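Residue numbers (the working numbering): 6 to 112.
Ideal Cβ placement from N, Cα and C applies to all residues, glycine included.
Bear in mind the structure is a predicted one, so any value in this text is a computation, not a measurement.
Only one structure is covered here, and it is reproduced in the block below.
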């Protein structure tokens with residue numbers, strides 16, 4: 006409608022427009038005590054510095070400053086040629102891909 010055309014669309018601020026703490030504040034903080042390793046979930050070290058749960062189903066965790074920019078770029082370069090479709094998580098509405106890298110290659 007005409008009134009909607011005159012309104013500006015909400016813009017998500019970029020990381021450069023506010024600090025990392027402000028950026029992380031947009032996510033909820035779920036108590037790590039609610040997570041339990043079972044047949045479907047792996048062990049998570051709840052004492053890991055900066056670990057934060059932000060979603061329950063599926064469980065999603067954030068770790069501030071886990072990798073440096075250089076480490077992230079190196080990992081992406083290493084992984085790029087190994088990506089393949091992840092059929093377990095893809096369907097007619099969504100596709101995804103995965104890459105498995107041996108732990109010894111990430112140290």
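Task: C-alpha gap between residue 75 and residue 81, whole angstroms - done: 10 Å
Open item on the list: With distance defined between alpha-carbon atoms, name the residue in 55, 29, 64, 28 nearest to residue 41.
Closed with: 64
TODO: For residue 79, name the three-state secondary structure that DSSP assigns.
DONE: helix
Task: Burial state of residue 51, where buried means 16 or more other Cβ atoms lie within 10 Å - done: exposed
Open item on the list: For residue 59, which residues in the same chain have their Cβ closer than 8 Å to its Cβ, ignoring the five residues on either side in sequence?
Closed with: 32, 33, 34, 35, 65, 66, 67
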